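Numbering (our numbering), first residue to last: 225 to 532.
Structural data, given as structure tokens:
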């Protein structure tokens with residue numbers, strides 16, 4: 225998919241005065257080249273994914289339903305929320321980000337924080353049409369070994385297909401990633417389950433769970449429109465998956481759907497689910513607003529994850 229050796233040092237010795245300017249130039253070039261090679265070697269030798277961070281820290285994940293930007297949300301309209309969304313993503317610096325409800329113009333306006341990320345997946349109606357519910361991957365930290373997409377329907381390879389009793393076309397985007405400095409791969413799924421179709425949510429869970437079988441350790445994250453006790457989430461829990469937030473905050477009653485209001489005791493619809501081979505180190509729900517303006521009608525959820 226998709227060793228340098230430092231040159232020998234050139235010593236100063238007796239030379240013809242006419243050759244001296246060129247010799248000095250060669251020597252200077254050699255010193256600069258050696259310095260550059262040394263910098264590369266230092267960078268390659270740095271532990272972790274970036275020189276400033278240890279790979280042992282874990283994989284940083286985030287799911288964020290940013291609310292489609294053409295909604296008539298008054299003071300919580302996209303123009304007022306955009307900077308808050310940017311700030312959350314920038315502070316979290318996820319290695320893999322699952323976005324839901326992102327329209328093309330919103331993603332373009334988030335280019336300051338997403339510009340260095342690799343976007344994976346079409347929008348749900350194909351190409352750039354409709355909402356985006358795929359992945360953004362920080363390739364400075366992780367390498368994409370393979371990736372793909374499928375629609376949550378009986379004809380999962382049909383672009384834009386609706387499944388079962390779903391009100392809208394829904395899809396999943398997956399990426400098999402590994403740390404820049406090597407290691408075993410992890411497969412991450414980003415998705416957005418239907419908000420109306422009960423059968424669609426159940427069959428969507430089954431479809432993704434089957435796709436993840438016999439593969440590397442898997443993460444399923446997104447706005448699943450499901451609470452923890454639901455039958456579709458049971459499809460994952462019966463396979464040993466765990467909620468990163470529930471494991472790290474077993475007593476919390478904080479929801480993730482806020483409806484532009486406080487979500488204490490509310491519905492937790494946004495999840496980062498980890499298969500049994502992965503361990504959540506920390507997790508967070510970004511229950512915050514600024515001067516009465518909420519970043520979205522859903523809170524972002526993040527997790528720091530390591531292999532068990």
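The beta-carbon is built from N, C-alpha and C at its ideal position, and this holds for glycine as well. Remember, it's a predicted structure, so these values are computed and weren't measured experimentally.
So, at 7 Å on beta carbons, what are the nonlocal neighbours of residue i in its own chain, with the 5 sequence-adjacent residues on each side left out?
i: residue 350; result: 383, 384
i: residue 450; result: 417, 425, 456, 457, 493
i: residue 490; result: 479, 481, 482
i: residue 314; result: 337
i: residue 377; result: 385, 386, 387
i: residue 439; result: 411
i: residue 302; result: 293, 330
i: residue 381; result: 374
Check whether the Cβ atoms of residue i and residue j lie closer than 8 Å to each other.
i: residue 427; j: residue 388; result: yes
i: residue 472; j: residue 509; result: no
i: residue 507; j: residue 527; result: yes
i: residue 484; j: residue 300; result: yes
i: residue 460; j: residue 429; result: yes
i: residue 390; j: residue 414; result: no
i: residue 359; j: residue 339; result: no
i: residue 310; j: residue 334; result: yes
Who are the near neighbours of residue i in its chain, counting only those whose CB is closer than 6 Å to its CB and skipping five residues on each side?
i: residue 412; result: 320, 399, 443
i: residue 281; result: none
i: residue 259; result: Here residue 259 scores only 38 on pLDDT, less than 50, and its place in the model is too uncertain to base an answer on.
i: residue 270; result: With a pLDDT of only 27 at residue 270, under 50, the local geometry of the prediction cannot be trusted, and no value is derived from it.
i: residue 420; result: 391
i: residue 408; result: none
For residue i, count neighbouring Cβ atoms within 10 angstroms of its own Cβ and tell me buried if that reaches 16, exposed if not.
i: residue 355; result: buried
i: residue 436; result: buried
i: residue 519; result: buried
i: residue 307; result: exposed
i: residue 348; result: buried
i: residue 373; result: buried
i: residue 514; result: exposed
i: residue 448; result: buried
i: residue 441; result: buried
i: residue 318; result: buried
i: residue 431; result: buried
i: residue 476; result: exposed
i: residue 297; result: buried
i: residue 262; result: Per-residue confidence for residue 262 stands at a pLDDT of 38, beneath the threshold of 50, marking its modelled position as unreliable; no derived number is given.
With residue i and residue j assumed to form a contact (beta carbons below 8 Å), what rounded beta-carbon distance in angstroms separates them?
i: residue 445; j: residue 522; result: Residue 445 to residue 522, Cβ: 13 Å. No contact.
i: residue 327; j: residue 379; result: Their Cβ separation, rounded to whole angstroms, is 25 Å, which puts residue 327 and residue 379 out of contact at 8 Å.
i: residue 366; j: residue 341; result: Not a contact, Cβ separation roughly 11 Å.
i: residue 401; j: residue 369; result: 7 Å
i: residue 462; j: residue 487; result: With a Cβ gap of about 27 Å, residue 462 and residue 487 do not count as contacting.
i: residue 283; j: residue 410; result: 7 Å
To which residues of the same chain is residue i closer than 8 Å at the C-beta, ignoring the five residues directly before and after it?
i: residue 532; result: 500, 501, 502, 503
i: residue 466; result: 497, 498, 500, 504
i: residue 464; result: 499, 500
i: residue 423; result: 388, 389
i: residue 243; result: Reliability fails at residue 243, whose pLDDT of 43 lies under 50, so the model's placement of it is uncertain and no value is given.
i: residue 517; result: 299, 300, 304, 305, 308
i: residue 273; result: Because residue 273 carries a pLDDT of 25, less than 50, the predicted location of this residue cannot be relied on, and the following value inherits that uncertainty. So the list reads 279, 319, 364, 365, 366, 403, 404, 405, once near-sequence residues are dropped.
i: residue 352; result: 328, 346
| Touching or not, the segment 318 to 336 and the segment 284 to 292, by the rule of three or more beta carbon pairs under 8 Å? | yes
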